[in-house]
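Peer 1: Before anything else, here's the structure in question.
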Amino acid sequence: EVQLVESGGGLVQPGGSLRLSCAASGFTFSRYSMNWVRQAPGKGLEWISNINSGSSLTGYADSAKGRFTISRDDAKNSLNLQMNSLRDDDTAVYYCARDHDYGFDSWGQGILVTVSS
Amino acid sequence: QSALTQPASVSGSPGQSITISCTGTSRDVGSYDHVSWYRQHPGKVPKLLIYEVTKRSSGVSDRFSGSKSGNTASLTISGLQAEDEADYYCCAYAGSKTWVFGGGTKLTVL
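Here it is in structure tokens:
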């Protein structure tokens, strides 16, 4: 069974940093492109970032570019998102999601990030 | 990276069919056959319904179907059931390893 479990969320002050992780199991992690998607309270889904299998290519939403960095450790079956210069509008539930033919076929339960002073 | 445009809400009675539209641009929906659809019940994790415009994800009922014409993709749900009441999101690949979601559509089953 595919499992994705996010960790690292919490409360952080504006301007601060946070590192999210996603532990993957139940599939060959290294073969899949992976994503981060977020959802602000009461709002819709927003794609944030993608990293391909092999880590040679990454993509970012404009809202994340220059502040967030996606990475992966295939030896540890782990996906990461380093978030710097956090703003109030980064408050959201962050999901990691597996890419299957450009659709996100498996999702973690999500982790809440709250940016507030 | 502008969000795709979806109607805020649609409704239908049990047994009826409804269609949710998703309008993008020639840089995303119009350029690639990489449109997907998700259903999200309140407080739950999104679930993939359709990918590559028309392909149903594993285990998804054939009541769900997808299509695309130009810059607009559509999700049709036939034989509406109470359990279909949820939020629906489209998503499109926009090139250079980027994706964009629609704003979401709330489906009410009357």
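Taken in sequence, the protein lines are chains B and S. Here the numbering used here runs 8 ahead of the position in the first sequence, where the first position is 1. Here the numbering used here is used: position 21 in the second sequence is 13, and no number is missing along the way. Yeah, the Cβ is synthetic: ideal placement off N, Cα and C, and Gly gets one too.
1. Looking only at DSSP bridge pairs, what is Ala84(S) linked to?
2. Output yes or no for whether 7 angstroms exceeds the beta carbon distance between Ser57(B) and Tyr40(B).
3. For Gln90(B), go through chain S and note every residue whose CB falls closer than 9 angstroms to its CB, in chain order.
4. Identify every residue that forms a DSSP beta bridge with Ala105(B).
5. Taking only three categories from DSSP, how would you classify Asp97(B)?
6. I'd like the span of the beta strand (DSSP E) that includes Glu14(B), first residue to last.
7. Give a yes or no on whether the minimum CB-CB distance between Phe112(B) and chain S is below 7 angstroms.
8. What is the residue span of the beta strand (DSSP E) that Val20(B) lies within?
9. The region 69 to 96 of chain B: which residues have C-beta closer than 7 angstroms to a C-beta of chain S, in chain order?
10. When the Cα atoms are used, what is the spatial distance from Ala78(S) to Gly58(S)?
Peer 2: By the coordinates alone:
1. Val27(S) and Val92(S)
2. no
3. In chain order: nothing, as chain S lies at least about 17 angstroms away.
4. Asn43(B) and Trp115(B)
5. helix
6. Gln11 to Ser15
7. A Cβ of chain S is located within less than 7 angstroms of the beta carbon of Phe112(B).
8. Per DSSP, the unbroken beta strand (DSSP E) holding Val20(B) starts and ends at Gly18 to Val20.
9. Ala69 and Asp70
10. Those two C-alpha atoms are separated by around 17 angstroms.
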